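Going by UniProt numbering, the sequence shown opens with residue 1, and the numbers climb by one from there.
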Amino acid sequence: MPNVPSIADTEAGTSCNCMETYWTARRYAKSGFIENRFIEECPFCRNIAPETIEHILLECSRWQALRADILAQYINIYRAQVAKNHHYCQLQSQ
Numbered sequence: 001m002p003n004v005p006s007i008a009d010t011e012a013g014t015s016c017n018c019m020e021t022y023w024t025a026r027r028y029a030k031s032g033f034i035e036n037r038f039i040e041e042c043p044f045c046r047n048i049a050p051e052t053i054e055h056i057l058l059e060c061s062r063w064q065a066l067r068a069d070i071l072a073q074y075i076n077i078y079r080a081q082v083a084k085n086h087h088y089c090q091l092q093s094q
């Protein structure tokens, strides 16, 4: 695994951090902070696929467990909201 600088280690990263964005390896490589091969290669799964937000959220095998955990949390939040709305609608119809 390459030594990827943290977002706080770069001037550009500091401004991006304030804007609450995520710098992918692809962006770091295009900016010259890490090797150019990471423009087209994911540093986590090593596939010849750029590390884009879409790749992280939908494709990368190394992020799969985290995706499953996050998805489960969102499903639970959704179910709680549906139950709350259903209860509210029942109260309104009485």
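Built from N, CA and C at the ideal position, the CB exists for glycine as well. Owing to the predicted nature of the structure, the values given are computational and were not obtained by experimental measurement.
Alpha carbon of residue i to alpha carbon of residue j, nearest angstrom
{"i": "A80", "j": "R62", "result": "29 Å"}
{"i": "L66", "j": "E40", "result": "23 Å"}
{"i": "I53", "j": "N36", "result": "18 Å"}
{"i": "F33", "j": "L71", "result": "32 Å"}
{"i": "N76", "j": "A49", "result": "31 Å"}
{"i": "H86", "j": "Q73", "result": "20 Å"}
{"i": "Y28", "j": "D69", "result": "27 Å"}
{"i": "C45", "j": "T21", "result": "22 Å"}
{"i": "E11", "j": "A25", "result": "Note that E11 scores 39 on pLDDT, short of 50, meaning its location in the model is unreliable; the coordinates nonetheless yield the value given after this. Cα to Cα, E11 sits roughly 16 Å from A25."}
{"i": "L57", "j": "Q94", "result": "43 Å"}
{"i": "Y78", "j": "K30", "result": "38 Å"}
Three-state secondary structure assigned by DSSP to residue i
{"i": "Q94", "result": "coil"}
{"i": "I39", "result": "helix"}
{"i": "W23", "result": "coil"}
{"i": "N47", "result": "coil"}
8 Å Cβ cutoff met for residue i and residue j
{"i": "C60", "j": "C89", "result": "no"}
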